Amino acid sequence: ETGVTQTPRHLVMGMTNKKSLKCEQHLGHNAMYWYKQSAKKPLELMFVYNFKEQTENNSVPSRFSPECPNSSHLFLHLHTLQPEDSALYLCASSQDNYPRFYEQYFGPGTRLTVT
Amino acid sequence: SQKIEQNSEALNIQEGKTATLTCNYTNYSPAYLQWYRQDPGRGPVFLLLIRENEKEKRKERLKVTFDTTLKQSLFHITASQPADSATYLCALQEGNMLTFGGGTRLMVKP
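Chains as they are written, first to last, in our numbering: chain Z, 542 to 656; chain L, 4 to 113.
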């Protein structure tokens, strides 16, 4: 596997379910990100991790819970979601995060539908 | 925080012509500005990065300009091809975060 992978690619869940999204990067990067992309809206940054430490939480509701066990893996745990949380969830990584900025490499995304 | 404006209407051009896409921002000039390409149902793909002290950056058929006075970046694709059809996103650095514009969809017709 190369680049950034995400599983599952598609997920349908009820509002009372608990599920997790997984992201893995094979690029040796130190920073990882979760983004949300809703229809007709710009990409919204959710969380930033740098060297496994969360450095940014962009006012995300607590029903989204990230986990970064190491620099290569990132999870997004989901519980009691709302229908408006249906979106494409994208994971990305970059060599480092700040102060210098590097390009980000994105995974293919998980298309989430909340029923 | 920054407000980033990209033309939300699709840009339709003929194959072989130059496509020019615009990215305007409202507040302070970022240290870095990036352009990405996104195809339907896929994650964005990085294309070019330009720094605030650079006026222009080129990569093959792509050219990006950065005018901090106008608070604007232009993205050009010369000799466009149908395979260039996609949504193009600009992104500005804010602290340790990238803020993305809504993107402009480019359609290149043969």
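We put the beta carbon where it would ideally sit given N, CA and C, even for glycine.
For clarity, every value in this text was computed on a predicted model and none was experimentally measured.
- For Z/ALA633, the pairing in a beta bridge is given by DSSP as Z/TYR574, Z/PHE647.
- Nearest CB-CB separation between L/GLN37 and chain Z: below the 8 Å threshold.
- For a Cβ distance threshold of 7 Å, residue set ASN99 of chain L lies close to Z/ASN638, ordered along the chain.
- Shown here for L/ALA94: same chain residues with a beta carbon closer than 6 Å to its own, the five before and five after excluded, namely GLN37, LEU101, PHE103 in chain order.
- A straight-line Cα-Cα distance of about 11 Å links Z/PHE592 and Z/GLY569.
- The three-state reading of DSSP puts L/GLU59 in strand, counting E and B together.
- Per DSSP, the beta bridge partners of Z/HIS551 are Z/ARG652.
- For Z/VAL545, the pairing in a beta bridge is given by DSSP as Z/GLN566.
- In the DSSP assignment, L/ALA22 falls within the unbroken beta strand (DSSP E) covering 22 to 28.
- Distances from the CA of L/SER11 to each of L/PHE69, L/LYS112, L/ASP42, L/GLY105 were compared; the closest alpha carbon is that of L/GLY105.
- By the Cβ-count criterion, Z/VAL553 is exposed, with fewer than 16 other Cβ atoms from all chains shown falling within 10 Å of its own Cβ.
- Interface flag for L/PHE49 against chain Z is set, since a Cβ pair is found closer than 8 Å.
- Contact of Z/GLY648 with chain L by beta-carbon distance below 9 Å involves GLY46.
- Pairing Z/LEU631 with Z/GLY650 gives a Cβ-Cβ distance under 8 Å.
- Ranked by Cα distance from L/LYS58, the options L/ARG40, L/LEU77, L/ILE7, L/VAL48 are led by L/LEU77.
- At a C-beta separation below 7 Å, L/GLY104 has these neighbours in chain Z: PRO583.
- L/LEU92 is positioned such that its CB atom lies no closer than 8 Å to that of L/VAL67.
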